[in-house]
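Read in order, the letters of the sequence shown correspond to residues 24 to 410 in the numbering used here. Just so you know, even glycine gets a beta-carbon here, dropped at the ideal spot from N, CA and C.
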Amino acid sequence: MKRRQLATITGFLFLAFQAHAAAISFPLTPPPVDAASWVLMDATTGQILTEGNADEQRNPASLTKLMTGYVVDRAIDQHRISRDDKVTIGQDAWGAGNPVFKGSSLMFLKPGEQVTVRDLSRGVIIDSGNDACVALADYVAGSQDAFVKMMNDYAAKLGLTHTHFETVHGLDAPGQHTTARDLAVLSRAIINGEPDFYQMYSEKSLTWNGITQQNRNGLLWDKNLHVDGLKTGHTESAGFNLIASSLEGRHRLIAVIMGGKSPKGREEQARKLLIWGNSNFDTVQLFHAGKALGKETVWYGNPHQVEVGTTEDIYLSVPRSAMDNIKAKYVIDRQDLEAPLKQGEKVGTIQVIDKDQVLASYPLMTLNKVEEGGIVTKIGDYLKKKL
């Protein structure tokens, strides 16, 4: 195997930011969190910076509405519906006429009125309106049951292995559960979706049918945190849940709190996680897609060299205190590279290392193709290898 040492990570800091590194453990002490389970994720890389009981299955309560919104956003992306479509509100989406909704969060829709998909989505996100969830489910899928199937199908596609939905709104139902880790992954997918859809999560109030309601995510009013989403949830069995995402510069974090003790308590726990993450970590782009990290000799080829690097932008979230210790190298996984080589062929591994610990590994790819050389090239290379 051939090894090539690259620069220290500080040599990459002038570059910009998206990644796929697994969970990495750093010797940093996170703050204590008073909740049943929690996660702090770097939204750019998907890395879990700290967690507690992250895979414990719990009642999502109204955090279920994150998946409701995600399914609606996908239907818009697929041009099956549009944001401006007008939905006629049915009897099953009428709060006063549906005993299931008694005492729960509502947008206060009226049967027969016509409401755009955009406004219903705002009702789901800002008001946490169970009636708006039902109206959208009926419109998108024809029924609540069909929409729930779509929710679970998307959960599978996103790799939410500990999540199952039974309702479109999150009111208690046997068999409905998720985890802090799965909710962080779902939140990241929402953030990476349509920007104007995600913008709704930052809206602080909504007035409908003469009733003004405030967004229950109190961290939206915290001017120091730069929180722009996502959602709260509460039932007696779930406790107080909150997912908050903050953006400082280009550094975005997602904090998930499940089973908090009170509305203010869940905010305080999320606040502690976000402050700790922003104070200690930076997200850096290590490698640019298509930018050569080196050149390697190719035997029997035309040309005789191939550029190697990554075919995707690669990012990593690392503690500021560890920056100077982190280095990168690549390893060719063959004794010799021989033609022909395809463009985008894996020929080795890029390793990011902190002292003796491998923090992350990425595939090393060819950035250009190499055809077989002519007979003279082949004979010449054969003789060189024999010498």
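Quick one: residues in its chain with C-beta nearer than 8 Å to the C-beta of M388, no 5 flanking neighbours on either side, listed in chain order? V331, G332, T333, T334, G367, E368, K369 and V370.
Residue range of the alpha helix (DSSP H) that Y224 falls in? Careful: Y224 lies outside any alpha helix (DSSP H) and carries neither H nor E.
Give the DSSP-derived three-state secondary structure of N391 in the structure shown. DSSP places N391 outside both helix and strand once states are collapsed to three, so it counts as coil.
Nonlocal neighbours in the same chain, by C-beta distance under 8 Å from T139, ignoring five residues either side: R106, D107, D108, K109 and V110
Three or more C-beta pairs below 8 Å linking the segment 94 to 104 and the segment 160 to 168: A contact exists between the segment 94 to 104 and the segment 160 to 168.
What's the C-alpha gap between P363 and H249? 52 Å
C-beta contact flag for Q380 and H200 at 8 Å: no
Inspect the beta-carbon positions of Q222 and L229 and report whether they are closer than 8 Å. Cβ atoms of Q222 and L229: not closer than 8 Å.
Quick one: using the 10 Å Cβ neighbour count with 16 as the cut-off for buried, is S151 buried or exposed? buried
Residue range of the alpha helix (DSSP H) that W231 falls in? Where W231 is concerned, there is no enclosing alpha helix (DSSP H), although the beta strand (DSSP E) it sits in stretches over S228 to W231.
Alpha carbon to alpha carbon, how far is R275 from P55? 21 Å
Between the segment 265 to 280 and the segment 204 to 213, do at least 3 Cβ pairs fall closer than 8 Å? Here the segment 265 to 280 lies against the segment 204 to 213, with 3 or more beta-carbon pairs under 8 Å apart.
So G193 and A98 are in contact, right, with Cβ under 8 Å, and what is the actual spacing, rounded? Actually they are not in contact, since the Cβ atoms of G193 and A98 sit about 19 Å apart, beyond 8 Å.
For K409, is the classification buried or exposed, using 16 other Cβ atoms within 10 angstroms of its Cβ as the cut-off for buried? exposed
Identity of the residue in G69, N238, S384 and L390 nearest N215 by Cα: G69
For S210 and T184, the rounded distance between their alpha carbons: 15 Å
Mind checking whether D78 and T202 have CB atoms under 8 Å apart? yes
Pick out the complete beta strand (DSSP E) segments inside the segment 89 to 164, 3 residues or longer, and give them in chain order. 109 to 111 and 137 to 139
In three-state terms, what does DSSP make of T400? Note: T400 maps to helix in three-state DSSP.
Helix, strand or coil: which one does DSSP assign to D379? coil
8 Å Cβ cutoff met for I234 and L89: no
Have a look at G135, K180, I337 and W117 and flag the residue whose alpha-carbon is nearest the alpha-carbon of S128. Of the candidates G135, K180, I337 and W117, the residue whose Cα lies closest to the Cα of S128 is W117.
According to DSSP, simplified to helix, strand and coil, what is L410? Reduced to three states, the DSSP call for L410 is coil.
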